[in-house]
Amino acid sequence: MTVSKKDVEHAAKLARLGLTEQEKELFTKQLSQILEFADSLNKLDTKNVAPTSHAIPMKNVLREDKTKPFTDTDAILANAPEEEEHMFKVPKILE
Amino acid sequence: MHTKTAHELHSLLTNKEISSLELIEAVLAQIDKSEGEIQAYVTVTKEKAIKQAKAADERIKAGKSLSLLDGIPIAVKDNMCTKGVLTTCASKILANYIPPYDATVVTKIKESGAVMVGKANMDEFAMGSSTENSGIHLTHNPWDTKRVPGGSSGGSAAAVASNEAILATGSDTGGSIRQPASFCGVVGMKPTYGRISRYGLVAFASSLDQIGPLTKDVTDAAILLNILSGYDAKDSTSVNTPVPDYRKALVDDVAKMKIGYIKELLGKGVDKDVKDSIKQAMKKFEELGAELIEISMPTFEYAVATYYLIAPAEASSNLARYDGVKYGHRSKEAKDLITMYSNTREEGFGDEVKRRIMIGTYALSAGYYDAYYLKALKVRTLIKQDFEKAFAKCDVLISPTCPTPAFKIGEKTADPLSMYLSDIATIPLNLAGLPGISIPCGFSQNLPIGLQITGKAFDEETILRTAFAFEQNTEWHKRRP
Chain L
3 MTVSKKDVEH AAKLARLGLT EQEKELFTKQ LSQILEFADS LNKLDTKNVA
53 PTSHAIPMKN VLREDKTKPF TDTDAILANA PEEEEHMFKV PKILE
Chain C
79 MHTKTAHELH SLLTNKEISS LELIEAVLAQ IDKSEGEIQA YVTVTKEKAI
129 KQAKAADERI KAGKSLSLLD GIPIAVKDNM CTKGVLTTCA SKILANYIPP
179 YDATVVTKIK ESGAVMVGKA NMDEFAMGSS TENSGIHLTH NPWDTKRVPG
229 GSSGGSAAAV ASNEAILATG SDTGGSIRQP ASFCGVVGMK PTYGRISRYG
279 LVAFASSLDQ IGPLTKDVTD AAILLNILSG YDAKDSTSVN TPVPDYRKAL
329 VDDVAKMKIG YIKELLGKGV DKDVKDSIKQ AMKKFEELGA ELIEISMPTF
379 EYAVATYYLI APAEASSNLA RYDGVKYGHR SKEAKDLITM YSNTREEGFG
429 DEVKRRIMIG TYALSAGYYD AYYLKALKVR TLIKQDFEKA FAKCDVLISP
479 TCPTPAFKIG EKTADPLSMY LSDIATIPLN LAGLPGISIP CGFSQNLPIG
529 LQITGKAFDE ETILRTAFAF EQNTEWHKRR P
């Protein structure tokens, strides 16, 4: 599998990840190498094999839909890059 | 005294031959002495540790010791949340993050009375095999400071090996406990997926991540495993099965035990000294009365490729949360929200993290999902089946933990694939969710070699028994840098 610079730019956009021109060049080369390596999996016939997403069988765990207060909201907001009136502040979303 | 194991120190503490304060001061003095060279820690929590040690001494004096680890210094990997103490995950994006809560393992450590000395360095977001991807600083191997300590729990392993902590926690997604344990000549165990709660562990690849102990010997591993294990309602992947007393598994007897050795992991690509050490270990087990069985794992050669699709796919999803809104770094160069996201992530993440986000996003994107991600999940099934077939014939499997001893700093950084391939023996266990331990089993010149023992799901006891028997009948674990 050869990855093009356009593929890299598309994936970076999906991942909301800014890349420099230099990084784009590097990742185009490295992603091609890594995916070429991953192509070795095609040597295995998996037509009738079920996928494993978790190795240990798991069931969805549900809890009662009841709120529990978290008392130390100040400690949470202390980590906020920007805060105003006890809320997270972000750049303008709508014009 | 800081060179001793936790179980030895516990006896000295309860017999009042030493105090926890003296012990913590000895460890802090060792940190002062060797940290300049080793750099195992991101943060040393000196004042807190001294306070906790004094409290431990009060308890021990009153005969109210909380556990075998009461008053014992421990290092915590910096991807486990510690309330009020910096938790960076060795990333610039979390460089100033102070968690408002404790991870469940941190709560358990506090309840045991163990004294946290500091937060150990690691590869950024646990992505790496050398700790060279730390966004904070490098960590050096105590056996040869020009070499890597392994990774991603390189700080934890180096701290234990250099006596800058008595024991440590690590996390293991593809070998991140076992490989640094092997490189630093200590014991490192990855328990079964679901055995230990991951609540408060910064997520990397959620179907693979597992927390475990790094210690100076197998007995300490069993003691710390006892404390860390158990179901937790806050982690929906933690498994609700009873936790045995792992110390009871420490029996020096492998007679009639069936030990499988993995043919493919003694073949090409494995260093000669490593092969020789494993063969000597096989001979030792035979002397002790075990039956050695050759096992073939034909799908192992595909494990690294499988892992490097699944782990980045999960990581690309888990790391979407670092957007500069609620915590962590935020780019100052942002006029609108989308630019704020992408600039924040560009500035905050290091190369390897970016690379994995890119691989994962690509493997999950429209048009490639079936060819890469789904294909990898199917191969994962085949790898799991290989283990099932093997465990129908034997009780545990042995192999090298790594194909080589510790490599030189800078040796593999330019070629990500060669770095990924150093995890060839450890990755299959994570894909299958199985427990494994790495224990010292020899040296190549002055560099430690690790023996990996793999067991059935939730059969940590047989692994510990096998490891304990080997340790009782060899001297490798006694060598220190």
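Chains as they are written, first to last, in the numbering used here: chain L, 3 to 97; chain C, 79 to 559.
Note that CB positions come from ideal geometry on N, CA and C, so glycine has one too.
Might you give, ordered along the chain, the residues of its own chain that have their beta carbon closer than 7 Å to the beta carbon of Gly196(C), omitting 5 neighbours on each side? Tyr119, Thr121, Val122, Thr123 and Ala153
Would you list, in chain order, the members of the region 43-56 of chain L that have their beta-carbon closer than 7 Å to a beta-carbon of chain C? Leu43, Leu46, Thr48, Val51, Ala52, Pro53, Thr54, Ser55 and His56
Would you mind sorting Ser212(C) into buried or exposed? The rule is 16 or more other CB atoms within 10 Å of its CB. buried
Is Thr22(L) close to chain C? Criterion is C-beta to C-beta, closer than 9 Å. yes
Tell me, which residues are paired with Met60(L) by DSSP? Paired residues: none, contrary to the question.
On a CA-only basis, which of Arg558(C), Ala547(C), Thr532(C) and Arg543(C) is nearest Pro269(C)? Give me that one, please. Thr532(C)
Starting from Asp148(C) and walking both ways along the beta strand (DSSP E), at which residues does that stretch end? Element bounds for Asp148(C): n/a, residue is neither H nor E.
Runs of alpha helix (DSSP H) lying entirely within the region 276-339 of chain C, each at least 4 residues, in chain order: 296-306
Interface residues of chain C facing Val94(L) [CB-CB closer than 8 Å]: Note that residue 94(L) is Lys in the sequence shown here, rather than Val. Chain C residues near Lys94(L): Asp414 and Leu415.
Indicate the three-state DSSP secondary structure (helix, strand or coil) for Asp222(C) in the structure shown. strand
Under 9 Å between C-beta atoms of Val92(L) and Val403(C): yes
Among the residues of its own chain, which have a CB less than 6 Å from the CB of Ala359(C), if the five just before and after it don't count? Cys519 and Leu529
CB of Ile356(C) within 9 Å of CB of Leu475(C), strictly: no
Check each candidate in Thr417(C), Glu539(C), Pro320(C) and Ile541(C) and name the one with the smallest Cα separation from Ile95(L). Thr417(C)
Counted within 10 angstroms of its Cβ, other Cβ atoms place Phe72(L) as buried (16 or more) or exposed: exposed
Cutoff 6 Å; reference His80(C); Cβ partners in own chain excluding five residues on either side: Ala104, Val105, Gln108 and Asn241
Between His12(L) and chain C, is there a C-beta pair that is closer than 9 Å? yes
Ile289(C) beta carbon less than 9 Å from that of Tyr385(C): no
Among Ala547(C), His555(C), Leu542(C) and Val352(C), whose alpha-carbon lies nearest the alpha-carbon of Ala300(C)? Leu542(C)
Bridge partners of Phe90(L), per DSSP? Glu85(L)
Residues of the region 269-283 of chain C with Cβ closer than 9 Å to any Cβ of chain A, in chain order: No chain A is present in this structure, whose protein chains are L and C.
So what does DSSP say about Tyr451(C), is it helix, strand or coil? helix
Chain-ordered neighbours of Ala535(C) on chain L, where CB pairs are closer than 9 Å: Ala57 and Ile58
Of the choices Arg65(L), His56(L) and Leu46(L), whose alpha-carbon is the least far from that of Ala449(C)? Leu46(L)
Mind listing which residues of the region 381-393 of chain C have their C-beta closer than 7 Å to chain L's C-betas, in chain order? Ala383, Thr384, Tyr386 and Leu387
Residue of Gly367(C), Ala134(C) and Lys462(C) minimising C-alpha distance to Asn551(C): Gly367(C)
Establish whether the CB of Asn174(C) and some CB of chain L are separated by less than 9 Å. yes
Determine the closest residue to Phe261(C) out of Thr185(C), Thr482(C) and Tyr447(C), with distance taken between C-alpha atoms. Thr482(C)
Keeping to the same chain, check which residues put their C-beta closer than 7 Å to that of Leu79(L); ignore five residues upstream and five downstream. Glu85 and His88
Counterpart residues of Met194(C) in DSSP-defined beta bridges: Ile152(C)
Tell me whether Leu245(C) sits in a helix, a strand or coil according to DSSP, three-state version. strand
Does the beta-carbon distance from Leu245(C) to Gly347(C) come in below 9 Å? no
Chain L contact for Gly162(C) (CB, 9 Å cutoff): yes
Is the CB of Glu87(L) under 9 Å away from at least one CB in chain C? no
State the Cα-Cα distance for the pair Thr459(C) and Ala484(C), rounded to the nearest angstrom. 31 Å
C-alpha gap between Lys453(C) and Leu43(L), whole angstroms: 8 Å
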